[in-house]
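Protein chains in written order, with full-length UniProt numbering: chain A, 1 to 639; chain B, 1 to 639; chain C, 1 to 639. Written out below as C-alpha cells is the structure these notes cover.
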C-alpha cells in the first residue's frame, strides 16, 4: 500500500483567484489529500434553508482538477449564529452552570435534539450534493469531538437525556425504569441519597461534596454514548449517499468518550498530532524532559496515539492534522527542530498510517489561529515545514512501502477505566492514561513494538505479552480469554477492582481464578514518598498491599510483595517509576522470549514486517550499532 | 473512670442476616459503643410522614442484646430527596452564588426555617421512639457541622435572617433596629456605604473589592449563631424524651462556628480524628515534616484538638471517629504505620477521652467512601486496625485508669478571633489557628501539658502560665481577670487590637492597664524576610513595632523590642519561628517555675495526676531516659 | 516653579471638633494641598435630591482658613445605596457573569446611562456649589478608574453600548452599520462566526474556547472609550462652573483604558504611588529583588510611572497618593525603610511632579483600610512618615527649584498594544508592560533619563533615541515620522505586526520601508529555554526568526540574527534578559552619542536641566564618585 500526504485547506478563507495556484502547488509538492469544509457552515448555508453551493462546487473542482483527492468535513462543529438563535438552549453548560456560548467553536450540547436535527439536515444536504462527486474520496464527521472539554454538558437537555438513559439501564415496568434497582446498584442508602423517581436525578455537579462515584461514572458513560449517537446519526446519512470511507479526527490524550465505540461506525480513524503543543500542555513530562524535547516533542506520545488509533480504526488510520511549525495554543510555543517534521511523518508511516496531512496549508492572518504555522506563511512563501514535507514526498516516491505486522506486545486501553480513575483518583494527579503511558514507555524503551487493543478484545493469538494495567472493570469473559491464551498476562494495579456499577466486588480484587492474590489494602503516596523495590527502582503514586499464595516476583526493601505471579498471570500492585517498570518489562520479555534492546535516551524503534525503523528524537546525533544517526534522523534497516 | 472503645456502624448498609455476627464480633473485640443512624433518614422516613421503624428497632435490639451501647444520631445532615423537593430553596448558596444541591450530604442552609421545622419533626419522632430505649445510651446531633465548608451560606434565607440578626444587634424603636447605629459602628461613611434600612444590607459576597470587615465579621458571628440555634432546637427536643447525654462530633481545624457556644448545650463533645488525612490536608506542616510523619500524623495536631474539645465538652469528651487505616479524602492517602492506631487511641485517653470509637466498622464497597478503611475489610476480614484496637481493648482491661489533672499551662482559644484573622489577615496565609498552634507546639516540645480555655473563662487559679495570643477582641473583664491572677500572662501579637465592632480602639492596643506597651505600627512579612532576634530564632509573618516603658525582654538584632513585659504580663509583638517560640516558652517557664523537658523530635508527653505518658511519633525507635521507646510506642511512667 | 506637598483628608470620617487642629497641623507641616470629598456622596446627598452641604462648606472653610488649597473630588466612585436601589442594573458584571454588587466601591458599569445621568446630576450640584469657592483650587474626577479590575463589564448595558460602538466603527446605511464589513474585518469566516446583524454580537466572554481576537480587541477599545466618555461628561460640567484645573488619579500598571485619551480632557494627570504594595503585587520582580527591595520598592517602577504620567498630563502631573507607611492590600505589607518616603517624594519632584500628596492624613480605625498607614496614627500621634514629609517640606523651602528638561531617550507607550498582547500573548505571562518596562529598566541602569511619549506623537526633535518595542499596530504616518527624524529608532519584537482590525498584514511585519527585515516565524519559550546571544546575554520569552538584507547587529550563538539594522532603524527580534538589553542600550547610545553610566545596583539618576539627582534605593550605603550616598539617600549635583 502506498502511503500518502495531504493538507488541510480552507478555500473560503482565501480569494478565489489564488485557488488554482494553491492547488497546483499542493500537487507539485506531492500531496494527495486535501481536507476541506469542516468549518464552513455559515458559507454553505448563510441563512436557514438558503444554500450557497457555488463556491464549494468550485473549490472541489479546482482541487480535483489539480489531481487532489478531497476529504470533505461535515460542518457541525461550528453551527452558525442563526442556528443558535433558532435553538437558544442548544449550548453546553459547564460544571459551574455557565452557558458555553457562541463566538468560537464546538458550542453545542450533544444531547440537544433540536441541534441534532439541524445536523441531520445539513449533513443530508452536503452528502446528497457531494456523495457521488468523483473528487470527494473520503469524509470526516464534525471535528475533534472533545476538544475544549466539550463532552460533558450540564444542560437541561443533557439532564433530560441522562434520566432516559438511566431508565434504560435500570429497566422496570414499561418505560419507567426501576428506581429501586438504581438505588441498590449505586448504594444510595449511603447518605440517604435514595431516589423515588428518575426525574429526581440531577447531573452530578454543584453538590456540596463529591457526588456518588456511581452517579458520576454513569454520567460519564452516558456522555460518551451521546457522542457515539451524534456521530452515528451523521454516518447513517452519509452512507445513504456515498461509498467513500468516513473518518473522524480524534485528539491526543482526550479520553472523555469511548473512541472505540465511535470508531466502530467509521472506516478510518484519524488523529491530530501536535507534538510540541502536547509536550507543553498534556504529556506530563518532567521539567528536564520538557526542556530536552522542547523542539522535538515527547518520543513516545505520538507513537502511543498512532498505536491507539490504529486500533480505533481497526487497522485503517491517518494523521489528519500534523503540526508543521509553531502552534498558537500551548503555554509556550517553540519552533520545531529542523528535520523533526519529517521524522514525525515517517514515524506515523512506520506505525501504519495510510496518510499524513499537514495542518494547515497556509497560515491564516486573521481570527483565532493566526499564530498557527502552516506549510505556507500568510504571504504564501513556503515555511520551513514545507520543505520537510517535500522531502518526505520525494522519499515516498522512491522508498519501499511500509509492511504492517502484528506486534509482540499488546496493551489493552479502556476508556471506561479512564473515567473510573477520574471519578476516583484516590490521589492527586493520578490518572489512568498516565499509568498506561508509563508502562507503554517502558516497553518502548526496551525497543518493542506494541499493539493497542480495545477492552472488547477476546482473541490474543500471536501476542507474547498482553498488559491490562488499571482496567478497573474486567468482565469475566475477558479474564477467561486472557487465561485461555498462552501469552504472558500483566494486570494491576487496580485491575478488576470494580463491578459494572462502581462497587468493590467481594471476594476482593483482582479475584482472578488462577491467581492467588488479593489486594488487602491500598495507599496513595506523595511524590516524595517512593517505596524502594529490592533490586532497583521504586513504586510511587499507588501501592497495593498484596496477600495470597502466588509467587512474589518483586518485593519492596521491607519485604512486601509488589509483583506476584501464578503461571503466566502477573499482578503488579504498584505504579512503578521508570527503573522499576524497565525491570518488570525485561522480566516479562525474558519469560515470553521477546528480545529487548538497550536504546540510548531519545532513540526509539518500530518494527514492521520487513524493516526496523530507528528514530532519533534528540537534538544531537547518536551512535546506533556503530553508525551515526543524526539529530531528528530516521533510519530503515531490513529485519 | 473506665475508658471505653467503640465503632461507627450502618446497619442499613448491610444485609440483615449479618447483623448478629457483626454485633458479636464488636463485643468480642471489647467495644462498648456503637454509633448508628446519623445518615439514615431516607430509610427511617422513606416518604413524608411514612416511617419505617422496623429495621432500626431491630438493629438497636441486636446491638443491645450483644451488650453494646448505642449512640443514636439524628439524621439531619442528610435530608432525603423528598425533603428537598418540598423545600426547593433549602440549599446553601456558595460565595459565588451557586446553589449547593442534592447528591452528597450537608445540603442545607442553617437559616432555612422550613428545613429547620423538618428537622424538629424528625428529631421529635426519633427521640420519642428511642428516648427511653435501654440500649440508647447517648445521642449525637446531626454530623460534623461545618464539614465541606457548610457554615457560611449566601442564600436568601440567610440574608433574611442576617438582617433580623443585625436588627437585634443594633436595636432601635420596636423591631426595626437602629440603622444609624449600625452605620456608625461599622464606619460605613468610609466609602459612602451608609444604609437607610436594614433591608438594604446584602450578604458580604460578590462585592467589587473587599467588603467592610465589620460587615464580614458580623456575618461570621451571625453564621455561627445560626449553628448554635440549629443545634439547640434538636437538643431541646431530645431532652424532652431522653436522659441520655447528647453530643456532637466536631472536626479538626474547622473554626467556622463557635464550638464553645454549641458545646454549652451538650453534655459531651466528641471529635473526628484523622491524623493522616489531616497531615496531608490541613496541618500546614513543612514538606519535610509531611514526609517524616506521613504514616503517623502530626505529633501535636491531635493533642491540640483533644485539649480543645476537652474544654468544649466541659471535661467530657470522646473521639467519635478514629481513623483505623487509609482514608479516601486527602490529597494522598497512605497507610498508617503499624502500631500508630494504638498510639492514637492511648494518646486520646491520656488527654482524658472517655471513649474512642473507630470509624467505621466495615469498609463500604459502595458510594462516596468506598476507599475509606474500616476495622473490617469489605469482605469482613479483619483489617490491620482491628488488631490494634484489640490490643488497646486488652490493655484497657488490665491497666490502671487515667486520672485527669489540671495542666500547668492554659491557652485561650477564641473562635471569634479566628474569624477576625480570616476577615483581615493582612498577609497571605496568616491565620489565628496557625499562630495559636505554633505556640501550642512550642509548649509541647518543652514537655508540657496544656489546658485549652474558652474566651469566656475568668478564673485562672492553678495555672502557672496563661497564653492568649492573637485574641483580637479582649473584653475588659478578661483583662482584669488575667491581671488579678498571679499567673504569668502571655499576650500578643494582635491581642486586644479590635473593639466589638471591628474597629481599632484608641488608645491604641493592647491598652493593657498594667503594661506600658503600645503597638505603634505593624507589618507582615514574606516568608523570605524573617527578622532575626538577638540570641536566636526569628520573627516571621507578623511583626509589630512596640513602644512604651515596659521591659524589652527580647529584641531584634537591630534593637527593636519583640517581647516586652511589666510584672507578670508579657506582650509578644511577633509570630515566632520554632526556635524563638522555644526560647519564649523556656523564659516563661523559668519565671513560672515550671519544669521543661528536652524531648527528641517526634516524642511527646502528657501528664495525668499520677502518670507521665510518653508517645513516640517517629517511624524509628528512640532512647528515652536510657530506655528504648519503640516506633509508635507508648510508655506510662508513674509521676 | 515651586514644588508642593499635600495630603488626602476625609473630614466626614472625623469629629467636627478636631478639624481645626487637623488643618493647623497640616499647614504647620508645610503642606499646600488637601484632597477631599471623593467618597462622600452618601453624606452630601443622603437621599435622592436632599443635599447636606453644611458639613462640606464647613470643612472647606476650615481647611481654606488654615491656608490650605482644596482638591475637590467628584464622589462618583462610591454611589450610595439609594442610587443603586434606583438603578438595580447599574452594576458591572464580571467575565463569569456575576453581578459586582454594592458593599465596597467602584460598583458601577461605565456603560449604564442611568448611572451616568446620576453622575452628571451630582457633579453639576457639586460644581455649581464649589466652582467659584476660593479654596477649591483643583478638581479630581471620580477616583482610580480601573481599580479592582473595573474597566471591563459584561453587563447588558455594556453589550448594548458595544453593539452601538461597532455600528459606528463599521458604518453602513443609516444607523445600521455594515455587518458584512465587520465579518470581513474580523475574519469571521474562520469558524463560521459570521453575523447577520449587530444585535447578534455578544460580549466576548463565556465562549467555549478563545473568542476571535479581533472581537476581544474591539471590546477592549470600546471599554476604554466608555471610560473616556464617562470622564468627559464630568469634565464638561465642571468646566461650566470652575476655572480650576481638573485631574484624575491614575494607578500603577493599570493599562485597561487609554490614559492618554482620558488625559486629553484634563489639565493635570496624577497618580497613586504605593512602592511597597506594587513590589509585592505587580512589579513582577524576581524573588531576590523582591527581598532586596522589600522596604524600598522597585527602583524603576515609580520612575516609569512618573515619566508616563508626565506624558499623560502633557507635562503637568502630581503624585496624588503617596504611600507613607505600610499598606493593607498587598500579599505582604512590610514597613518602609527609614528615609525612603523622603526619597520617593524627591524622586517624584526630580521627574517633574508639581505636587506630592500623602495618602492619608490619619489612619482610619474603621472599615476597609484600617491597616493602611497615614501620616498620623489613629490616635493622632505622628507616624514615621510624618517626619519624612516634614523633612521634605523643610528642604523644599530652602532648595532651588527643579528645572525640567527634555530627556535624550524617548519610549513610546501604547495602551492599545497592551490590550493586543493581552488578547494574544502567545506565551504564558507575556505582556506588553513587562516588555516595555524591561527595556525602560535597561535605559535606567545605564543612567539615562527617559521621556515617555504617546502613540500619537509624530514629532521627535531633540531625542537621540526613540524606542517603540512591542507596538503591534503602527500607523503609516508614525513609521514615516520616525524615519524622517534623525534619531536612532528601536522597534521590535512584535512592532507593527497587526493591522487596525487585528490581522497580520501582508507583506509580513514589520514592513518598514527603509529596513530590509521580515519576521518569518516567531516562537515563545519556557523560562528554562533562554537562547544565548553571541557576546553575552540571551533572548527569552519571545524570539522571532528574522530574514532580510539588513545588517545583523546581534546574533544567537547558532548564528540566527536577533537584532538587525538599516541606517538609524534597529529591529530587535527578541525579548532580552537584562544582560542583553544592557548591551543593546549601550550599542544604541554609542551610535547616538549618548553618554552612559555604570551605576551600582539599586542606584538611579535623573537629570533635570541643571542638576543630576542620585537616588540610593538600597538598604545599605553606596559609594558614588568617591562619596558615600546613604541608604535611602538623595543627592543633587549640578550638571
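C-beta atoms are modelled at their ideal positions from N, C-alpha and C, and glycine is treated no differently. Bear in mind that the values here come from a model prediction, so they are computed numbers and not experimental data.
So, is the C-beta of residue i closer than 7 Å to a C-beta in chain C?
i                      : result
residue 286 of chain B : no
residue 57 of chain A  : no
Does the separation of the CB atoms of residue i and residue j fall below 7 Å?
i                      : j                      : result
residue 324 of chain B : residue 341 of chain B : yes
residue 415 of chain B : residue 258 of chain B : yes
residue 369 of chain C : residue 331 of chain C : no
residue 602 of chain A : residue 617 of chain A : yes
residue 163 of chain A : residue 198 of chain A : yes
residue 608 of chain A : residue 397 of chain A : no
residue 469 of chain B : residue 435 of chain B : yes
residue 412 of chain A : residue 439 of chain A : no
Let's see if you can read the secondary structure: which residues bound the alpha helix (DSSP H) around residue i?
i                      : result
residue 19 of chain C  : 19 to 29
residue 122 of chain A : 113 to 130
residue 183 of chain C : 179 to 186
Please confirm if residue i has its CB atom under 7 Å from at least one CB of chain B.
i                      : result
residue 156 of chain C : no
residue 270 of chain C : no
residue 242 of chain A : no
residue 211 of chain A : yes
residue 618 of chain A : no
Between residue i and chain A, is the shortest Cβ-Cβ distance under 7 Å, so that the two count as touching?
i                      : result
residue 661 of chain B : Outside the modelled stretch of chain B, which goes from 1 to 639, sits residue 661 of chain B, for which no answer is possible.
residue 508 of chain C : yes
residue 641 of chain C : This structure cannot speak to residue 641 of chain C, because chain C is shown only from 1 to 639.
residue 41 of chain B  : yes
residue 222 of chain C : no
residue 427 of chain C : yes
Could you tell me which residues DSSP puts in a beta bridge with residue i?
i                      : result
residue 139 of chain A : A:72, A:246
residue 613 of chain A : A:606, A:636
residue 545 of chain B : B:521
Start and end of the beta strand (DSSP E) containing residue i?
i                      : result
residue 571 of chain A : 569 to 572
residue 554 of chain C : 551 to 555
Three or more beta-carbon pairs under 8 Å between the stretch 355 to 368 of chain B and the stretch 296 to 312 of chain B, yes or no?
Counting C-beta pairs with one atom in each stretch, the stretch 355 to 368 of chain B and the stretch 296 to 312 of chain B have fewer than three that are closer than 8 Å, which means they do not touch.
Touching or not, the stretch 571 to 583 of chain B and the stretch 525 to 539 of chain B, by the rule of three or more beta carbon pairs under 8 Å?
Proximity of the stretch 571 to 583 of chain B to the stretch 525 to 539 of chain B meets the contact definition, three or more beta-carbon pairs being nearer than 8 Å.
Across the stretch 247 to 255 of chain A and the stretch 215 to 224 of chain A, are there enough close Cβ pairs to call them in contact, namely three or more that are closer than 8 Å?
Here the stretch 247 to 255 of chain A makes no contact with the stretch 215 to 224 of chain A; the two share fewer than three CB pairs at distances below 8 Å.
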